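*Asks:* Under our numbering, the first residue of the sequence shown carries the number 6, and numbering increases by one thereafter.
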Amino acid sequence: MQKYLFAFINKLKLRWKMVVLVLPLVIIPIFLVGGVIGYISTKQAYLGITQTSKDDLQHMAGFTVDMLNSHYQQFQVYKQDKEKTFHEELRTVSELAYNVVQSQQRLQQKGRMDLAAAQREARNALSKVNVGKTGYIYAMNSRGELKVHVAQEGVNVFDSRDETGRYFIREMIEKARRSKPGEVLYIVYPWRNAALGDKSLRKKVVAYRYFKEWDWIIAAGGYLEETYEDVAFERRSFQELKEKIKAKKVGKTGYIFAMDTSGNFMIHPTGEGKNFLNAVDFSGQHFIKEMCERKNGWIRYPWKNQGDKGPRMKIVRYEYFQPWNWIVAVGSYEEEFYQEANVIKGRIMESMVVLTILVSVMAVFLVLLASRVMTEPISRMIEVIRKVKSGRLDETMKVETQDELGELATAFNRMTKIIKHNKELEANLAQQGKMASLGVLSSGVAHEINNPLGVILGYAAYIEKKLSPDDPNYRFIHEIKRESKRCKKIVQDLLSYARTPQPVLEPTDLNALLEQIVDFAANHTDMHHVSVEKSFDPSLPEIMVDGDQLRQVAINLILNAGAAMQRGGKLVVSTQNGEDNCVSLKFSDNGAGIAAEHMERIFEPFFTTKVKGTGLGLAITRQIVEQHHGKIGIESEIGHGTTVEVRLPINRDDYC
Numbered sequence: 006m007q008k009y010l011f012a013f014i015n016k017l018k019l020r021w022k023m024v025v026l027v028l029p030l031v032i033i034p035i036f037l038v039g040g041v042i043g044y045i046s047t048k049q050a051y052l053g054i055t056q057t058s059k060d061d062l063q064h065m066a067g068f069t070v071d072m073l074n075s076h077y078q079q080f081q082v083y084k085q086d087k088e089k090t091f092h093e094e095l096r097t098v099s100e101l102a103y104n105v106v107q108s109q110q111r112l113q114q115k116g117r118m119d120l121a122a123a124q125r126e127a128r129n130a131l132s133k134v135n136v137g138k139t140g141y142i143y144a145m146n147s148r149g150e151l152k153v154h155v156a157q158e159g160v161n162v163f164d165s166r167d168e169t170g171r172y173f174i175r176e177m178i179e180k181a182r183r184s185k186p187g188e189v190l191y192i193v194y195p196w197r198n199a200a201l202g203d204k205s206l207r208k209k210v211v212a213y214r215y216f217k218e219w220d221w222i223i224a225a226g227g228y229l230e231e232t233y234e235d236v237a238f239e240r241r242s243f244q245e246l247k248e249k250i251k252a253k254k255v256g257k258t259g260y261i262f263a264m265d266t267s268g269n270f271m272i273h274p275t276g277e278g279k280n281f282l283n284a285v286d287f288s289g290q291h292f293i294k295e296m297c298e299r300k301n302g303w304i305r306y307p308w309k310n311q312g313d314k315g316p317r318m319k320i321v322r323y324e325y326f327q328p329w330n331w332i333v334a335v336g337s338y339e340e341e342f343y344q345e346a347n348v349i350k351g352r353i354m355e356s357m358v359v360l361t362i363l364v365s366v367m368a369v370f371l372v373l374l375a376s377r378v379m380t381e382p383i384s385r386m387i388e389v390i391r392k393v394k395s396g397r398l399d400e401t402m403k404v405e406t407q408d409e410l411g412e413l414a415t416a417f418n419r420m421t422k423i424i425k426h427n428k429e430l431e432a433n434l435a436q437q438g439k440m441a442s443l444g445v446l447s448s449g450v451a452h453e454i455n456n457p458l459g460v461i462l463g464y465a466a467y468i469e470k471k472l473s474p475d476d477p478n479y480r481f482i483h484e485i486k487r488e489s490k491r492c493k494k495i496v497q498d499l500l501s502y503a504r505t506p507q508p509v510l511e512p513t514d515l516n517a518l519l520e521q522i523v524d525f526a527a528n529h530t531d532m533h534h535v536s537v538e539k540s541f542d543p544s545l546p547e548i549m550v551d552g553d554q555l556r557q558v559a560i561n562l563i564l565n566a567g568a569a570m571q572r573g574g575k576l577v578v579s580t581q582n583g584e585d586n587c588v589s590l591k592f593s594d595n596g597a598g599i600a601a602e603h604m605e606r607i608f609e610p611f612f613t614t615k616v617k618g619t620g621l622g623l624a625i626t627r628q629i630v631e632q633h634h635g636k637i638g639i640e641s642e643i644g645h646g647t648t649v650e651v652r653l654p655i656n657r658d659d660y661c
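Written as structure tokens, this is what we have:
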């Protein structure tokens, strides 16, 4: 036996030898003595602890329910008051709209305008009124045809249903036709407006009156939640309440949680938002389902957490919170309430504490020292390997020893040099091949196309001067000139991409440069429908760049943004001094956005979604940015806009 034991130890590495030889000398006596003393003291303490722990759990459960009820009552009264006020506001708006229609009808009766003109004037006046943030006034006849509406005027909505399936338009029409003169009616229904980006149902309130003379039902509607001035405050308050509840510890590892009667955890330190209705304890009991069925009481079950050697008995007090259909529960392990037993064990073990701490510290120190000596060089090697893996081939390992690790570091450094050299050769060959092909193609295209285009443009200009602008052929000559110039621009873009010169670097104030570019671009014909906003960081340092090339980058991105906002919009051009030794230039618009399937190809040469684009603008832009050791990135969402970020290093030798 002894022979095999020594053979086993001799095969182990040094740190494991220390663990096998040193730690048992400390741990085994401590566990033996502590086990006996803990057993005796725990048995003595068990008698009086159970009732005390239950009283604590009962108190905490009741206190948590009171906190939830206080929050509920506070904001419930506020919402009721706001709903009443909102009804009155809608009544006033509907009556105002009614008076507007009535005044137009009177003018029509007096002969000052015909019926169509009177209704048109009323329609124009009502469509300009907003109710709250997204509410509005609308009118329809008894057949459900919308006479006034911000988006669906002329549409028949007689068969429209709300999110519960109720024919609310039919109900409005029926009640309006039966209403008394001057009576204002109300209807409330759940609604989710996808056009506004609603992801959940919202409560919509509508006040309406019937204008019999024109058979119009005049309505003013809005969302109730938009009147809550403290919605954000309520959410923050509720979130703070949840955080307070989750932060409250019960014993050492116990906690408070809440769930609905379907087993969905509404408040929980780790399981919030998940459903645990079918969870079982260590004995197979569906304890969550039992709590949901009983709603109020005590439950005791064995539970084993990840990392526990065995199940521990857990006791939970739970109470029902009726307003939200929640079950509030407070649970903890019984053993954690045995503080008195721990005191007894502590007193008995006081004489052992000094020795235990001393031996443990020495053992830990020696193990850590050995581990550091053995593993620190390996950790440094792994760090370098990760950097090389991410593409930083300039990283090398320090050769500090002459052992196997030193030999491994030397071989790795030699390998990275070879890989770096091969990658540089590969990149240079690919780039040279591409540029050579494009150069040949561009030169041929320029030679074969520019000369005929010059002739075409010359003759077109000559004929244009000979013709009067009123001549029917004048427009065709103008089109020939415009399309010929477009062909010349395509050829020029192709040459620019194939022969982009190396940047001429000089200290440049990017804020001043962008100020000039934005002012110039704002006067471009493609930008007259766009408002441009500037947000420049005054702390931006001067950096070494080619101002002419960056001017081309900025103009390309600004004009692209203008093309994406054909119906108008806003472009924000901003700069920011980053914390990673790079500066950031952002161009953010609220235009149409870029489709996801196009995002991977937008920087490819000749790829474009424009009818008359060449597909070289963004390719040239990226080429210029990369020659400045920078990066360009695009984030876009259909219907919400696009943000292009250009990052440039402050120090020329760095990369972003």
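All residues carry an ideal CB built from backbone N, CA and C; glycine is no exception. All of these numbers come straight from a predicted model, not from anything done at the bench.
From the DSSP output, which residues share a beta bridge with F270?
*Replies:* Along the sequence shown, one-based indexing puts residue 270 at 265. DSSP lists M264 as partners of F270.
*Asks:* Just to confirm, are V98 and A181 a CB contact at a threshold of 8 angstroms?
*Replies:* If you number the sequence shown from 1, residue 98 lands on position 93. If you number the sequence shown from 1, residue 181 lands on position 176. For V98 and A181, no; Cβs fall outside 8 angstroms.
*Asks:* According to DSSP, is S2 helix, strand or coil?
*Replies:* Nothing can be reported for residue 2: it is not among the residues displayed for the chain, which extend from 6 to 661.
*Asks:* Can you tell me the Cα-Cα spacing of L101 and S205, whole angstroms?
*Replies:* Taking the first residue of the sequence shown as position 1, residue 101 is located at position 96. Taking the first residue of the sequence shown as position 1, residue 205 is located at position 200. One C-alpha to the other measures close to 31 angstroms.
*Asks:* Anyone know if the C-beta pair for W1 and Q110 falls short of 8 angstroms?
*Replies:* Outside the displayed range of the chain (6 to 661) lies residue 1, so it cannot be described from this structure.
*Asks:* Just how far apart, CA to CA, sit G170 and E538?
*Replies:* One-based indexing of the sequence shown puts residue 170 at position 165. One-based indexing of the sequence shown puts residue 538 at position 533. Cα to Cα, G170 sits roughly 46 angstroms from E538.
*Asks:* What residues in its chain sit with their C-beta under 6 angstroms from that of V193, if we drop five residues either side in the sequence?
*Replies:* As a working note, residue 193 is residue 188 in the sequence shown. For V193, where only same-chain residues beyond five positions count, the Cβ hits under 6 angstroms are V210.
*Asks:* As an exercise, report each continuous beta strand (DSSP E) stretch of at least 3 residues that is fully enclosed by the segment 494 to 560, in chain order.
*Replies:* List check, beta strand (DSSP E) in window: 511 to 513, 535 to 540 and 548 to 550.
*Asks:* Can you give me the C-alpha to C-alpha distance between V651 and N198, rounded to a whole angstrom?
*Replies:* As a position in the sequence shown, residue 651 is number 646, starting the count at 1. As a position in the sequence shown, residue 198 is number 193, starting the count at 1. Using only the alpha carbons, I get a separation of about 36 angstroms.
*Asks:* Check each candidate in D286, Y325 and P328 and name the one with the smallest Cα separation from Q311.
*Replies:* What you label residue 311 is simply residue 306 of the sequence shown in a count that begins at 1. It is D286 whose Cα lies nearest to the Cα of Q311.
*Asks:* Residues in the same chain with beta-carbon distance under 6 angstroms from S593, minus the five sequence neighbours each way, listed in chain order, please.
*Replies:* Residue mapping note: residue 593 aligns to position 588 of the sequence shown, counting from 1. Result list for S593: V577 and T648, in chain order.
*Asks:* For the candidate residues H645, N656 and R214, whose alpha-carbon lies nearest to that of G583?
*Replies:* If you number the sequence shown from 1, residue 583 lands on position 578. The option with the nearest alpha carbon to G583 is N656.
*Asks:* Out of curiosity, what's the CA-to-CA distance linking A66 and K257?
*Replies:* Residue mapping note: residue 66 aligns to position 61 of the sequence shown, counting from 1. Residue mapping note: residue 257 aligns to position 252 of the sequence shown, counting from 1. Going by the C-alpha atoms only, they are around 17 angstroms apart.
*Asks:* May I ask you to report which of helix, strand or coil DSSP gives E642?
*Replies:* Along the sequence shown, one-based indexing puts residue 642 at 637. Three-state result, E642: strand.
*Asks:* Should F541 and T580 be called a contact, given that it needs their Cβ atoms to be closer than 8 angstroms?
*Replies:* Within the sequence shown, residue 541 is the residue found at index 536, counting from 1. Within the sequence shown, residue 580 is the residue found at index 575, counting from 1. Against a cut-off of 8 angstroms, the Cβ pair of T580 and F541 comes out as a contact.
*Asks:* Please identify the residue among R419, E381, D313 and W331 whose C-alpha is closest to the C-alpha of F262.
*Replies:* As a position in the sequence shown, residue 262 is number 257, starting the count at 1. The residue with the shortest Cα to Cα distance from F262 is W331.
*Asks:* Where does I643 land, buried or exposed, given buried means 16+ other C-beta within 10 angstroms?
*Replies:* Residue numbering aside, residue 643 sits at position 638 when the sequence shown is read from its first letter. Result: exposed.
*Asks:* Distance, Cα to Cα, F68 vs G137?
*Replies:* The residue you call residue 68 lines up with position 63 of the sequence shown. The residue you call residue 137 lines up with position 132 of the sequence shown. Whole-angstrom Cα-Cα distance: 39 angstroms.
*Asks:* Apply the 10 Å Cβ neighbour rule to W329 and answer buried if 16 or more other Cβ atoms are within range, or exposed otherwise.
*Replies:* Locating residue 329 in the sequence shown gives position 324, counting from the first residue. Flag for W329 reads exposed.
*Asks:* By DSSP, does V651 sit in helix, in strand, or in coil?
*Replies:* On the sequence shown, residue 651 is found 646 positions in, with the first residue counted as 1. V651 falls in the strand class under three-state DSSP.
*Asks:* On the criterion of 16 or more Cβ atoms from any shown chain inside 10 Å, does Y323 qualify as buried, or is it exposed?
*Replies:* Locating residue 323 in the sequence shown gives position 318, where the first residue counts as 1. Answer is buried; the Cβ neighbour count reaches 16.
*Asks:* Return the first residue and the last residue of the beta strand (DSSP E) that S132 is part of.
*Replies:* On the sequence shown, position 127 is the one that residue 132 refers to. No beta strand (DSSP E) contains S132, which is instead part of the alpha helix (DSSP H) from L120 to S132.
*Asks:* With a cut-off of 8 angstroms on the beta carbons, I'd call V70 and I223 a contact; round off their distance for me.
*Replies:* As a first step, residue 70 is located in the sequence shown; it is residue number 65 there, counting from the start. As a first step, residue 223 is located in the sequence shown; it is residue number 218 there, counting from the start. Not a contact, Cβ separation roughly 47 angstroms.
*Asks:* Applying the criterion that 16 or more other CB atoms from any shown protein chain within 10 Å of the CB defines a buried residue, is L95 buried or exposed?
*Replies:* On the sequence shown, position 90 is the one that residue 95 refers to. That one is buried.
*Asks:* From V404 to M420, what does the alpha carbon distance come to, in whole angstroms?
*Replies:* Mapped onto the sequence shown, residue 404 falls at position 399. Mapped onto the sequence shown, residue 420 falls at position 415. So the alpha carbons of these two residues sit roughly 14 angstroms apart.
*Asks:* Look at the alpha carbon of L120 and the alpha carbon of N161, and state the distance between them as a whole number of angstroms.
*Replies:* Taking the sequence shown and counting its residues from 1, the one referred to as residue 120 is at position 115. Taking the sequence shown and counting its residues from 1, the one referred to as residue 161 is at position 156. Spanning the two alpha carbons is a distance of roughly 21 angstroms.
*Asks:* D551: buried (16+ other C-beta within 10 angstroms of its C-beta) or exposed?
*Replies:* As a first step, residue 551 must be located in the sequence shown, where it is residue number 546. D551 is buried by the Cβ-count criterion.
*Asks:* Identify which residue in D167, T139, D164 and K133 has its Cα closest to the Cα of V153.
*Replies:* As a working mapping, residue 153 is identified with position 148 in the sequence shown. Minimum Cα distance to V153 is reached at K133.
*Asks:* Can you name, in chain order, every residue of its own chain whose Cβ lies under 8 angstroms from the Cβ of R385, other than the five neighbours on each side?
*Replies:* Translated into positions along the sequence shown, residue 385 becomes position 380. Taken in chain order, the residues that qualify are M402 and K403.
*Asks:* Based on Cα-Cα distance, which residue from R125, L131, T139 and R175 lies nearest to R148?
*Replies:* Numbered from 1 along the sequence shown, position 143 holds the residue referred to as residue 148. Of the candidates R125, L131, T139 and R175, the one whose C-alpha sits nearest the C-alpha of R148 is R175.
*Asks:* Nearest-angstrom Cα distance between P316 and F281?
*Replies:* In the sequence shown, the residue the question calls residue 316 occupies position 311. In the sequence shown, the residue the question calls residue 281 occupies position 276. If you take the alpha carbons of P316 and F281, they lie about 19 angstroms apart.
*Asks:* Just how far apart, CA to CA, sit N478 and D531?
*Replies:* In the sequence shown, the residue the question calls residue 478 occupies position 473. In the sequence shown, the residue the question calls residue 531 occupies position 526. N478 and D531: Cα-Cα distance of roughly 27 angstroms.
*Asks:* List the whole-angstrom C-beta distance separating T626 from L564, where the pair is believed to meet the contact cut-off of C-beta under 8 angstroms.
*Replies:* Sequence index remark: in the sequence shown, residue 626 carries index 621 (1-based). Sequence index remark: in the sequence shown, residue 564 carries index 559 (1-based). That pair is no contact at about 11 angstroms.
*Asks:* Would the beta-carbon of P274 fall within 8 angstroms of that of K251?
*Replies:* Working through the sequence shown from its first residue, we reach residue 274 at position 269. Working through the sequence shown from its first residue, we reach residue 251 at position 246. Yes, they are a contact pair.
*Asks:* Rounded C-beta distance between L545 and L515? I'm assuming under 8 angstroms.
*Replies:* Position 540 of the sequence shown, counted from the first residue, corresponds to residue 545. Position 510 of the sequence shown, counted from the first residue, corresponds to residue 515. Contact flag correct, Cβ pair sits at about 6 angstroms.
*Asks:* For the candidate residues C661, I461, G278 and H64, whose alpha-carbon lies nearest to that of V321?
*Replies:* Translated into the one-based positions of the sequence shown, residue 321 becomes position 316. The option with the nearest alpha carbon to V321 is H64.
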